[in-house]
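Residue numbers (my numbering): 398 to 562.
Even for Gly, the Cβ is constructed at its ideal location relative to N, Cα and C.
Quick caveat: nothing in here was measured; it's all calculated off a predicted structure.
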């Protein structure tokens with residue numbers, strides 16, 4: 398029998414396959430936590446989440462073809478208040494299915510990244526992913542700054558998150 402287990406940040410997974418961060422936002426729904434606990438994923442990834450609720454981008458924002466997908470969803474999610482209230486239940490459901498729950502966070506400032514990371518860990522998340530590279534987020538007519546293109550900003554985000562966590 399083949400062993401596909403992997404370890405990520407000290408968390409042992411049965412195999413390295415899990416849902417993408419943009420696909421699970423809620424407890425219920427087609428790709429909600431309640432659905433993913435019954436799937437073959439080895440972990441459940443929620444997010445990316447933001448402090449304020451976001452409707453996401455409009456129009457044709459998701460494309461699937463021959464085993465790959467592209468999206469320009471714009472981080473749709475119900476915001477921090479939803480996750481503050483519901484994340485403990487999401488974690489409980491995942492853990493009952495013997496799956497860790499990871500949370501992807503996407504701030505608009507280094508303080509937001511830190512606050513969202515604290516929110517995720519306070520809610521019971523096993524691991525937090527910092528989404529530093531989403532290019533598909535717009536505020537009015539301006540594109541959100543893409544953190545990974547600015548090494549000083551990445552350093553500030555990491556320093557602030559480390560200080561708060």
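Backbone CA spacing between residue i and residue j [nearest angstrom]
i, j, result
"residue 412", "residue 499", "15 angstroms"
"residue 550", "residue 557", "10 angstroms"
"residue 467", "residue 529", "18 angstroms"
"residue 560", "residue 494", "32 angstroms"
"residue 438", "residue 497", "10 angstroms"
"residue 449", "residue 432", "25 angstroms"
"residue 548", "residue 555", "10 angstroms"
"residue 562", "residue 406", "15 angstroms"
"residue 440", "residue 456", "30 angstroms"
"residue 507", "residue 492", "30 angstroms"
"residue 504", "residue 447", "6 angstroms"
"residue 454", "residue 429", "20 angstroms"
"residue 512", "residue 479", "14 angstroms"
"residue 534", "residue 398", "44 angstroms"
"residue 531", "residue 400", "33 angstroms"
"residue 410", "residue 536", "37 angstroms"
DSSP-derived helix/strand/coil call for residue i
i, result
"residue 524", "strand"
"residue 516", "helix"
"residue 552", "helix"
"residue 481", "helix"
"residue 410", "strand"
"residue 442", "strand"
Residue i vs residue j beta-carbon contact at 8 angstroms
i, j, result
"residue 426", "residue 451", "no"
"residue 510", "residue 527", "yes"
"residue 445", "residue 501", "yes"
"residue 520", "residue 490", "no"
"residue 408", "residue 487", "no"
Cβ distance (whole Å) where residue i is taken to contact residue j below 8 angstroms
i, j, result
"residue 443", "residue 421", "5 angstroms"
Exercise for the section: May I ask you to verify whether the segment 532-543 touches the segment 511-522, counting CB pairs closer than 8 angstroms and requiring at least 3? Expected result: No, the segment 532-543 is not in contact with the segment 511-522.
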